[in-house]
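For what it's worth, our numbering labels the leading residue of the sequence shown as 180, then goes sequentially.
All residues carry an ideal CB built from backbone N, CA and C; glycine is no exception.
Okay, so here's the structure we're looking at.
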Amino acid sequence: TDSMYDLSNTFKVLVIDKPLIGRFKPLSAAVPEPGSPGNLDDLLLHSPSIQGEFFDEIDRFRKTFVQVPGCENRTAERIREIVTEAVDKLSRQHKVTSASQVAQLEFKVSRQAYTALYSFIFPHLQSL
């Protein structure tokens with residue numbers, strides 16, 4: 180077999196999600212239904228009105244916010260306000276109450292915001 184290294188002490192790792200021998204019972208809780216509070220990836224997608232408001236606010240921010248060198252903290256604070264507002268609405272609509280799930284939801288919505296704003300924020304940061 181091929182090896183990534185020329186050393187004689189290499190090994191390959193095979194990752195599988197089913198046992199090689201014996202019976203197994205899939206855990207139904209491990210794969211939550213799309214749109215359920217357990218599947219936080221899709222909550223924004225399954226809430227079209229909140230998603231629309233969120234991206235409208237992101238677009239408004241991009242078009243109206245003036246980035247001033249030395250005030251990058253204020254830029255991050257405003258993005259955090261937009262994210263927090265969307266997370267609060269999503270949490271209420273989908274009844275997400277667990278602190279860890281709210282934190283995960285906040286992370287995922289924050290990533291959506293920064294992805295949408297990448298071309299707006301990054302050139303400013305590079306010019307510093």
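Query, Result
"Counting along the chain, where does the alpha helix (DSSP H) carrying T294 start and finish?", "278-305"
"By Cβ distance, which residues of its chain are closer than 8 Å to Q283, with the 5 residues on each side in sequence left out?", "L219"
"Could you say which of G231, T263, L296 lies nearest to T243 if we only look at CA atoms?", "L296"
"What is the C-beta distance between E236 and I261, in whole angstroms, given that I count them as a contact (C-beta under 8 Å)?", "5 Å"
"May I ask you to report which of helix, strand or coil DSSP gives H273?", "helix"
"I258 and F240 - do their beta-carbons sit closer together than 9 Å?", "yes"
"Count the other CB atoms within 10 Å of the CB of V247; is the residue buried (16 or more) or exposed (fewer)?", "exposed"
"Only counting the same chain, and skipping five residues up and downstream in sequence, which positions put a Cβ closer than 8 Å to that of V275?", "P216, L219, L222, L269, V281, L284"
"CA-CA distance, Q230 and V266?", "10 Å"
"Identify, in the order they occur along the chain, each residue of the same chain with its Cβ nearer than 7 Å to the Cβ of S207, setting aside the five sequence neighbours on each side.", "The predicted position of S207 is uncertain, since its pLDDT is 46 and thus under 50; no value can be drawn from it."
"List the endpoints of the continuous alpha helix (DSSP H) containing P227.", "227-243"
"Output the distance between the C-alpha atoms of V288 and I300, rounded to the nearest integer angstrom.", "17 Å"
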